[in-house]
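Here the numbering used here is used: the first residue of the sequence shown is 55, the next is one more, and so on. Ideal Cβ placement from N, Cα and C applies to all residues, glycine included. From a predicted model like this one, the values you see are computed outputs, not experimental measurements. First comes the structure, then the notes that go with it.
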Amino acid sequence: MIQPPELYFNATAQSYLNNLNERLSFSKLFVLTDTNTSTKCLPALKELLGHSDFIEIICEAGELHKNIKTCSAIWSTLTEHRADRNALLVLLGGGVLTDMGAFAASCYKRGIRFLNIPTTLLAMVDASTGSKTGIDFEGLKNHIGLFSSPVATLIDQQFLKTLDQRNLKSGVAEMFKHGLIYNREHWKSLKEQHLNPEILIADSVAIKIDIVNQDPTERGLRKILNFGHTLGHAIETHFLETPQPLLHGEAIALGMILEAYLSHTCGSLAKEELDEITTTLCTFYELPALSDADRKSIVPLLQHDKKNAANTVQFVGLKQIGEALYDVLYSAEAIDDGFDYYNGITCR
Ligand code: GLY
């Protein structure tokens, strides 16, 4: 059974760190950072940890390094410093780092404890809760991984100050998604507050946790969290190989527009709601046009989606804003029409 992690926000997250050793009594403390969080976020963490000694493990930042080679380097450092089963690994970073660090911790000596300290909005509202861990493999996102929970997730919004506007907006995509699939009010609040999404973080996390608690290992309901991700992941993978990679949230925003279109043409989503979704996302994000060559590369990547079963590509559809369906199938023609719709959007 996957245990949901304890969750602490801001002042309570800070006091958790002030008393870390009393709380968790570890043998050795390791902090996994990347080349960004090592300079931008570690000084604040050091202050919160006070006198606790730790060994920093720095990895390269970015999706290109979310792989077995980086895990191998993490395991080598843990081994070199004789980390035993009672060691604690603190993960200080965005979704790439927390997914990968959690995977590395869960495999080392069959699992050591880890603590998530998300430093990006994306990681705060999505990656650092829900107990998914993983790395990319042979070009496929999160292809190798397991469910494993941190001892706690500490959300300290002071780290959002280290983000540029593009990265902050990337995180808002997952918040928009939570509203679209589960809570119309959250969607509406975000539309009003999108320049100040920080005030809605706890609400967004609560939506995710409510869904995950009903289906921790994604047998059914949890699949709705993948709205926009079936096409979005394929789009993200495709653009990763180009000179203009998209941020995760940007690819998911594009995926949500396409999947909202499919929910309208092949399902019950009303035209006015499709228009509302498209206009909101298109004006909030700078999204690229998709050429024929892009489409040709994106469509085959759908075959690798983790939700697939029996050679079909399974999507999440919207019944209406605030309510989603899973295991929905769309024809290749409908998907192609979706790309035409997207390229014809004028608000972009
Ligand atoms: N990011 C989707 C999930 O946690 O299920």
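Would you mind reading off the limits of the alpha helix (DSSP H) that contains GLU76? 74 to 78
So is THR400 buried or exposed if we call it buried at 16+ other beta carbons inside 10 Å? exposed
So, does the region 167 to 187 touch the region 207 to 215, judging by three or more C-beta pairs under 8 Å? yes
Say the cut is 8 Å; is the CB of ALA181 nearer than that to a heavy atom of ligand 1? yes
With DSSP collapsed to three states, give me the class of PHE338. helix
Residue burial classification, SER81 (beta-carbon count within 10 angstroms, cutoff 16): exposed
Ends of the beta strand (DSSP E) at HIS105? Element bounds for HIS105: n/a, residue is neither H nor E.
For ligand 1, I want to know if GLY165 counts as a neighbour, meaning its beta carbon is within less than 8 Å of at least one of the ligand's heavy atoms. no
Is ASN250 helix, strand or coil when you go by DSSP? coil
Could you tell me the boundaries of the alpha helix (DSSP H) in which TYR236 lies? 219 to 236
Residue from THR91, LYS186, ALA65, THR66 with nearest C-alpha to THR271: LYS186
Going by the C-beta, is VAL266 closer than 8 Å to any heavy atom of ligand 1? yes
Going by DSSP, which residues form a beta bridge with ARG15? This structure leaves residue 15 out entirely; the chain is present only between 55 and 402.
According to DSSP, what are the bridge partners of TYR62? LEU208
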